[in-house]
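Notes follow the structure.
Residue numbers (this note's numbering), protein chains in the order written: chain A, 65 to 758; chain B, 65 to 758.
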């Protein structure tokens with residue numbers, strides 16, 4: 065059951081697809097009050113209570129114990145000090161000893177979530193804006209998986225998740241630094257020569273002509289359509305980046321048109337809001353206006369025409385490097401302090417003045433959007449900007465070829481954008497702790513509707529190491545978006561550059577062998593409002609140990625993952641919430657299996673080994689691996705599972721052409737049944753059977 | 065066996081106390097070559113090889129897999145990207161499948177340690193300077209604990225570790241922000257009123273008169289001697305901070321004298337090197353000169369006269385906020401970019417120019433020291449500066465009262481300073497990951513001779529949470545330096561401010577009950593060149609699982625610790641390398657015990673519970689807790705242990721007056737023997753016996 069409560073006059077956010085009537089009165093699970101900071105929602109946190117959700121955020125799967133801020137931010141240092149990342153997903157689930165409920169705070173401005181931070185026993189949520197909808201989700205009393213059920217109901221409210229093309233389940237290689245046709249050809253050859261799987265190459269800002277959206281450097285890419293075709297012939301797609309900011313340069317048609325049509329964000333005085341990002345001085349399209357989205361979305365056609373089949377939208381928090389006003393403020397500080405650094409902290413004031421240039425709160429308060437017939441200051445709707453850019457792109461694709469799926473993933477997002485594209489987790493670091501942070505965000509993103517997602521494998525900033533990349537790939541094997549991405553000036557991290565590339569190739573072979581299964585689970589999650597990744601707490605709510613596991617995830621209906629995320633580890637502790645078959649993978653062809661009883665286990669793992677657990681009584685299909693997704697078929701699947709003697713086991717399996725936007729659960733799904741008494745070889749404990757006839 | 069090899073002409077570092085002859089030829093465990101970056105020491109890393117050491121550094125107990133830099137740095141963001149902290153401890157131990165050896169690179173300049181970072185299978189150490197001593201340690205072949213034995217031999221080379229007064233084992237409270245007599249009285253009262261143990265209060269820079277060393281603000285502290293006396297009567301010591309930089313202010317006698325005597329570091333042109341730290345424009349004493357150390361060390365007497373009994377030396381990397389030359393460079397960049405931010409990254413150049421003000425490499429190359437009869441550019445001996453400041457203080461104390469121990473701990477250090485004082489681990493953050501980082505550094509610091517050490521409990525920068533502080537205190541219970549410290553503008557983190565202060569007090573009660581044991585183990589480690597904390601690999605080299613444990617430590621001869629370092633955890637996995645008695649503490653009076661077999665265990669732990677393991681056949685004493693160390697006696701010790709029936713168990717126990725510098729192993733040590741067939745009650749499995757007669 066979802067009830068809607070309205071406070072003040074909410075702005076439209078496009079987050080929900082079902083219009084619920086506003087309830088009279090107040091929800092019974094929390095207290096609503098007013099403070100000088102905004103509307104305050106609070107409720108007690110008994111000792112046993114857990115909190116889940118918040119989508120792309122830091123800290124644990126259980127969000128209890130920290131302070132979070134919904135405020136989309138471009139900040140490439142994801143340390144434990146931070147309270148925001150690039151997205152705001154205002155869904156919070158409370159699982160208490162006596163009851164459970166969910167909250168969706170549908171407000172695109174700042175929201176502060178003090179979740180047992182100031183006081184361990186209280187949650188205090190402060191919504192800064194003047195009006196918002198609060199959706200309160202309560203589960204059926206007789207439901208035994210209340211958290212999952214609440215998510216399903218919430219997902220029904222917010223609409224079906226984005227469905228990527230099947231090839232987007234392939235391995236993607238990216239780097240800030242691929243600046244020419246030759247760079248892309250080198251990457252393609254690097255993979256194909258060594259038979260390392262690859263389905264796509266992401267082009268970062270370097271491909272553009274001086275960072276101008278929808279252009280490419282004609283010297284470095286003399287024939288982009290030819291290049292795309294050539295790579296496509298090798299089953300490698302090209303995936304360009306598009307930034308939110310439009311370079312201010314006369315003669316650049318996107319700028320000229322936007323200026324002429326008045327499509328850019330305005331200051332209070334009606335003039336264009338001037339900022340700077342990668343291209344230098346830039347303008348921000350006012351994506352809140354449908355006509356601006358249509359105009360911007362149509363520009364993607366240029367690169368679609370050139371052969372691109374996917375895009376990533378970046379810098380759409382929106383990131384601001386500086387504004388003229390901010391620069392003036394910084395220089396004023398510098399001029400005032402020139403020759404006058406007397407106080408003990410004056411040099412920090414000086415550096416602080418320039419460090420405050422980027423993403424300055426004052427700048428976010430100095431421009432406006434047209435939202436319906438209202439003019440709204442940016443900070444009031446800040447967290448929606450990236451979502452609406454994503455919507456512009458999705459609408460552009462639909463206008464181009466409505467029947468074809470395109471890959472799209474964005475850095476910034478808000479709930480609602482999950483219907484238009486996936487996301488990546490932004491500019492992480494080559495830190496071991498970020499493998500675990502990556503894992504922890506996955507189920508939270510699924511709850512918020514974002515199924516196609518993943519983090520930069522190997523880490524974006526800082527220098528990776530061989531073992532870090534290998535361990536991260538071992539998690540990436542299971543994430544729908546599986547992309548290796550790294551920043552300029554960091555160590556190059558394409559697999560083929562490393563001494564252990566054969567090990568990494570073996571890891572990728574498991575991904576490709578799992579694609580039929582993973583794609584099926586992804587599609588089933590999308591089409592049934594399910595969760596591809598879940599905390600163990602969702603499936604085993606009565607198991608207190610399982611509820612607090614923070615480094616394992618349930619995957620699909622059948623599986624659990626438990627990656628290694630510590631350097632030099634020779635194994636790891638795993639908690640099995642039920643009997644499971646352990647599969648210790650080295651490659652798709654080389655693995656061992658062991659039935660394991662519910663409980664705690666220490667499992668030895670070499671660097672090239674990683675784990676997949678399959679619940680007892682279940683099985684999953686394994687295809688023959690390949691170097692690109694199109695070569696992965698469901699022709700002859702091998703089944704892995706631990707089946708109970710005499711019991712029939714069934715896998716709900718989804719398959720489609722992976723291309724058309726018209727998807728149908730009814731048409732795509734079928735049951736694969738294994739009867740341990742039947743023709744399929746099974747010894748009653750471990751089933752590893754080739755030759756299942758479809 | 066330790067052999068010394070000399071390359072070029074080393075500078076004196078004061079690190080070793082035994083003068084070994086230089087060996088002819090080259091060591092057989094590594095290859096020495098020259099590169100443009102300096103002298104290169106390299107050796108292969110077989111798959112099974114582990115590396116230990118490097119003292120205060122980031123990453124694992126096993127140092128393999130990262131790049132480290134010996135370059136003392138004041139950087140308060142200890143992320144995984146960093147390669148240096150505040151100290152350089154150039155001891156590295158190699159534990160390979162076929163042999164083990166140790167290296168001590170005695171060079172006070174930059175050393176780069178590429179330990180399986182660029183290539184997983186190679187260690188490459190680059191010593192930038194023009195000459196250094198390399199000490200190669202090899203164990204006896206028949207030694208079964210080769211790593212421990214090599215450390216013992218190395219410690220013999222570098223001399224006996226600093227011995228703190230016994231009261232320094234008490235709980236210390238600190239904060240950047242205690243600015244007046246009232247602040248200190250409030251802290252003392254906050255603890256005493258609630259009966260929370262406390263032995264000392266650290267005063268950060270706020271107590272000084274405008275950050276001038278050896279002064280105090282006479283308005284805020286009208287009677288510092290009276291305050292010290294009053295607090296001392298409550299068994300609370302006052303521990304002021306001293307910074308390396310001396311404020312440049314005419315009329316300030318320390319500055320005037322230093323100027324007059326020419327005691328400050330000079331530029332190439334012979335003029336004083338001008339920099340700025342907390343007091344604004346400052347000078348750096350040239351601690352390389354004995355007469356400067358004597359002069360500076362004597363200044364501590366002012367605060368000793370006022371009643372201080374301990375000090376912490378800070379900012380002695382040395383930290384530089386800026387120099388006039390650096391400011392000029394930054395302003396030049398800013399002026400050149402004024403109104404001319406055209407390139408995509410020009411705003412980053414602008415902020416970068418000011419961010420480069422602090423600790424700028426160019427500044428470190430622009431001043432000189434007098435080392436013996438040579439003039440040496442600072443960067444050549446950079447890593448020694450803090451160690452020599454510590455030496456100055458220690459020499460000052462000896463001159464004041466040679467027979468009395470004073471507490472001293474420093475931020476920056478180099479091997480050799482371990483004879484003069486302890487260290488804290490610098491400006492950490494209120495991050496859960498920093499509990500584990502704290503744990504990992506402890507044994508490495510012990511190897512390098514630093515026994516009295518610890519990190520800021522609760523975290524220095526960023527805001528703590530109640531549970532973070534509680535969990536961190538649970539580790540701090542076992543660290544010789546047990547200090548709660550936090551930064552200006554962060555959440556106040558004195559125990560008495562939190563809702564769970566009683567829980568925290570209970571945790572502290574365990575510390576105080578353990579003081580006789582912990583002090584004994586600390587002193588035995590100091591007097592026998594032993595390791596108070598050890599990686600499990602040191603005690604169980606044949607146990608591959610034990611060798612790779614990164615979140616547990618052996619403590620003393622009898623114990624192992626395994627703290628919780630994850631938020632919301634309801635337990636943890638522990639590996640027992642041998643049979644052990646688990647003690648699950650809540651308070652010193654409230655704990656439960658369980659004998660546990662060698663192997664893997666999952667142990668449930670509430671927030672107020674933490675673990676100490678005692679090896680089977682051993683026991684430890686527990687005293688009655690108190691509110692300050694002097695009230696903790698060894699009069700009636702309770703013994704905890706799991707004794708084998710019919711076997712006699714002996715504890716080597718050290719005790720002294722905790723005050724005098726003349727310490728003697730022979731006089732202080734005695735055996736406490738428990739005969740399970742004797743008068744002491746023991747049920748043959750768990751021994752928890754009150755009333756042992758001394």
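Even glycine gets a Cβ: it sits at the ideal position worked out from N, Cα and C.
According to the DSSP assignment, residue 272 of chain B belongs to no alpha helix (DSSP H), since it is labelled neither H nor E. C-alpha of residue 268 of chain B to C-alpha of residue 70 of chain B: approximately 42 Å in a straight line. With respect to the 7 Å criterion, residue 417 of chain B and residue 397 of chain B are classified as neighbours on the basis of their beta carbons. Against chain B, the beta carbon of residue 343 of chain A has neighbours under 8 Å at 408, listed in chain order. Contacts with chain A (Cβ-Cβ distance below 7 Å) from the stretch 651-666 of chain B involve 664, 666, listed in chain order. From the beta-carbon of residue 117 of chain B, no residue of chain A is found nearer than 7 Å; the closest lies around 15 Å away. Taking 4 residues as the shortest admissible run, the stretch 302-380 of chain B contains the following complete alpha helix (DSSP H) segments, listed from N- to C-terminal end: 317-325, 354-370. Between residue 384 of chain B and residue 356 of chain B a beta carbon distance of about 19 Å is seen, past the 8 Å cut, so the two are scored as non-contacting. Counting along the chain, residue 536 of chain A sits inside no beta strand (DSSP E); it lies in the alpha helix (DSSP H) bounded by residues 530-540.
Of the candidates B:323, B:410, B:345, B:434, the residue whose Cα lies closest to the Cα of residue 332 of chain B is B:434.
Taking the beta carbon of residue 564 of chain A as reference, the chain B residues within 8 Å of it are 184, listed in sequence order. In the displayed model, residue 240 of chain B falls within coil according to three-state DSSP, outside both helix and strand. By the CB criterion at 7 Å, residue 226 of chain A and residue 177 of chain A fall outside the cutoff. In the three-state DSSP reduction, residue 489 of chain A falls in the coil class, being neither helix nor strand. For residue 623 of chain A, the three-state secondary structure derived from DSSP is strand. The contact set of residue 631 of chain A on chain B, defined by CB atoms closer than 9 Å, consists of 123, 124, 126, 128, 129, 130, 614 in chain order. Closest by C-alpha distance to residue 344 of chain B, out of B:673, B:567, B:276, B:389, is B:276. With a minimum length of 4 residues, the unbroken runs of alpha helix (DSSP H) contained wholly in the stretch 180-262 of chain A fall at 210-222, 245-257. Our two residues, residue 452 of chain B and residue 444 of chain A, have alpha carbons roughly 56 Å apart in a direct line. Between residue 719 of chain A and residue 698 of chain A the beta-carbon gap is near 6 Å, inside 8 Å, which marks them as a contact. Rounded to whole angstroms, residue 570 of chain A and residue 714 of chain B show a C-alpha spacing of 54 Å.
When C-beta distances to chain B are compared with 8 Å, the residues of the stretch 132-148 of chain A below that value are 141, 143, 144, 145, in chain order. Scanning its chain for C-beta atoms nearer than 6 Å, with the 5 sequence neighbours on each side dropped, one finds around residue 190 of chain A the residues 101, 102, 104, 176, in chain order. For the set A:260, A:79, A:528, A:510, the Cα lying nearest the Cα of residue 119 of chain A is the one of A:510. 340, 341, 342, 343, 344, 345: these are the residues of the stretch 330-357 of chain A whose beta carbon lies less than 9 Å from some beta carbon of chain B, given in chain order. Residue 477 of chain A is bridged by DSSP to A:151. Contact note: residue 530 of chain A reaches chain B through 184, using a C-beta cutoff of 7 Å and chain order. In the DSSP annotation of this structure, the continuous segment of the alpha helix (DSSP H) that includes residue 587 of chain A starts and ends at 565-591. Judged by their CB atoms, residue 568 of chain B and residue 534 of chain B are nearer to each other than the 7 Å cut-off.
A Cβ-Cβ contact shorter than 7 Å links residue 662 of chain A with residue 640 of chain A.
Rounded to whole angstroms, the separation of the alpha carbons of residue 460 of chain B and residue 234 of chain B is 24 Å. Counting only the Cα atoms, residue 262 of chain B lies some 12 Å from residue 560 of chain B. In terms of CA proximity to residue 463 of chain B, B:362 leads the group B:362, B:379, B:537. Against chain B, a Cβ distance below 8 Å from residue 402 of chain A picks out 395.
Close to chain B, meaning a Cβ-Cβ distance shorter than 8 Å, are the following residues of the stretch 634-645 of chain A: 634, 635, 637, 639. Contacts with chain B at 7 Å (Cβ-Cβ) do not include residue 551 of chain A.
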